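To keep things clear, I will list the structure first and then write my remarks on it.
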Amino acid sequence: EAGVVQSPRYKIIEKKQPVAFWCNPISGHNTLYWYRQNLGQGPELLIRYENEEAVDDSQLPKDRFSAERLKGVDSTLKIQPAELGDSAVYLCASSTRGEGTGELFFGEGSRLTVL
Amino acid sequence: AQSVTQLDSQVPVFEEAPVELRCNYSSSVSVYLFWYVQYPNQGLQLLLKYLSGSTLVKGINGFEAEFNKSQTSFHLRKPSVHISDTAEYFCAVRDDSNYQLIWGAGTKLIIKP
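From first to last, the protein sequence lines stand for chains A and B.
The opening position of the first sequence corresponds to residue 1 in my numbering, with each subsequent residue numbered one higher.
The opening position of the second sequence corresponds to residue 1 in my numbering, with each subsequent residue numbered one higher.
The following block contains the structure:
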């Protein structure tokens, strides 16, 4: 069974440029999460989807970040314009039983460097 | 709000020696606790979890953790580490208010040959 797939693995951009990350969850997983992980810190939830609905986006910086999950399958996270402080690893995860049980399956992450 | 503290940012240990990675959480009514492992250049994967029942939880790769309610701790242990255990280990607790996972900052396990 294929795991959670993310792309690109690495991205280097200059500040004020846009960037997009893509995630394909495990087949059949209804819940999809985007996390940001700064160096030396644990993951921070940005947004959670149940199928195509964003049920928790309270920590998504909506002035520059946007996300979508069309058709309730794969998802895209966009940053426009990027700032220096956005340098981090962006993690996608999926699950079938909701975050409360802790059974999240993570992709390898997309490492963003903003110069 | 709940919180998780991993006191050690790095733990160096010799191969085949025992190891303990510490995790403390803020008290709550119900406690769901987790350890995740992140191997170099890989995603996070669930190592073990405590939801209820026996306070000693066994996970993959020979790891185990003990839930201690009085000390609000969930320390991870392995009796004999291998070079392949080199990774970063994250402790997490479920937040009762919104069912989100609250993560610790992680502990890097460094195995010395």
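Here a beta-carbon is modelled for each residue, glycine too, at the ideal position from N, C-alpha and C.
Small disclaimer: the values here were computed from a predicted structure and weren't measured.
I'd like the list of long-range same chain contacts for L32 (chain A), defined as Cβ closer than 8 Å, with 5 residues on each side in sequence excluded.
Within the first sequence, numbered from 1, the residue matching residue 32 (chain A) stands at position 32. Closer than 8 Å at Cβ, skipping near neighbours: C23, P25, R48, Y49, R69, S75, C92, A93 and S94.
Could you tell me whether any Cβ in chain B is nearer than 8 Å to the Cβ of P43 (chain A)?
Looking up residue 43 (chain A) in the first sequence gives position 43. Nearest CB-CB separation between P43 (chain A) and chain B: below the 8 Å threshold.
Report yes or no: do three or more beta-carbon pairs, one from the stretch 36-45 of chain A and one from the stretch 18-31 of chain B, lie closer than 8 Å?
no
Can you have a look at E83 (chain A) and say buried or exposed, based on whether 16 or more other CB atoms are within 10 angstroms of its CB?
Position 83 of the first sequence, counting from 1, holds the residue named residue 83 (chain A). Exposed, since its Cβ has fewer than 16 Cβ neighbours within 10 Å.
Would you mind telling me which residues of chain B sit closer than 9 Å to G28 (chain A), beta carbon to beta carbon, in chain order?
To locate residue 28 (chain A), count along the first sequence from 1; it is residue 28. The premise fails here: G28 (chain A) is roughly 18 Å from chain B at the closest Cβ pair, so nothing lies under 9 Å.
Determine the burial state of D86 (chain A): buried for a count of at least 16 other Cβ atoms within 10 Å of its Cβ, exposed for fewer.
Residue 86 (chain A) sits at position 86 when you count from the first residue of the first sequence. The residue is buried, with at least 16 neighbouring Cβ atoms inside 10 Å.
Using a C-beta to C-beta distance shorter than 8 Å, which residues of chain A count as neighbours of L44 (chain B)?
For the purposes of this step, residue 44 (chain B) is taken as residue 44 along the second sequence, with counting starting at 1. By Cβ distance, chain A contributes P43, L91, A93, L104 and F106.
Can you look up K71 (chain A) in the DSSP assignment and give me helix, strand or coil?
Sequence index remark: in the first sequence, residue 71 (chain A) carries index 71 (1-based). K71 (chain A) falls in the helix class under three-state DSSP.
Is the beta carbon of K71 (chain A) closer than 8 Å to that of P18 (chain A)?
Counted from its first residue, the first sequence places residue 18 (chain A) at position 18. Counted from its first residue, the first sequence places residue 71 (chain A) at position 71. No, these two residues do not count as a Cβ contact at 8 Å.
Quick one: is Q10 (chain B) near chain A, going by C-beta distance under 8 Å?
Taking the second sequence and counting its residues from 1, the one referred to as residue 10 (chain B) is at position 10. Closer than 8 Å: no.
Which complete beta strand (DSSP E) runs does the stretch 33-57 of chain B hold, if anything under 3 residues is left out?
33-38 and 44-50
Let me know the secondary structure DSSP gives I83 (chain B) once reduced to three states.
On the second sequence, position 83 is the one that residue 83 (chain B) refers to. In the structure shown, I83 (chain B) sits in a helix (DSSP, three-state: H, G or I).
Could you give the distance in angstroms between the alpha-carbon of V5 (chain A) and the alpha-carbon of F21 (chain A)?
Start at 1 with the first residue of the first sequence, and residue 5 (chain A) comes out as number 5. Start at 1 with the first residue of the first sequence, and residue 21 (chain A) comes out as number 21. So the alpha carbons of these two residues sit roughly 11 Å apart.
Using a Cβ cut-off of 8 Å (strictly closer), state whether G85 (chain A) contacts chain B.
For this step, residue 85 (chain A) is matched to residue 85 along the first sequence. No, no contact with chain B.
List, in order along the chain, the chain B residues whose C-beta lies closer than 9 Å to that of V5 (chain A)?
Position 5 of the first sequence, counted from the start, is the residue given in the question as residue 5 (chain A). Simply none; closest approach about 10 Å.
Could you pull the start and end residues of the beta strand (DSSP E) that C23 (chain A) belongs to?
Residue 23 (chain A) sits at position 23 when you count from the first residue of the first sequence. First-last of the beta strand (DSSP E) with C23 (chain A): V19 to N24.
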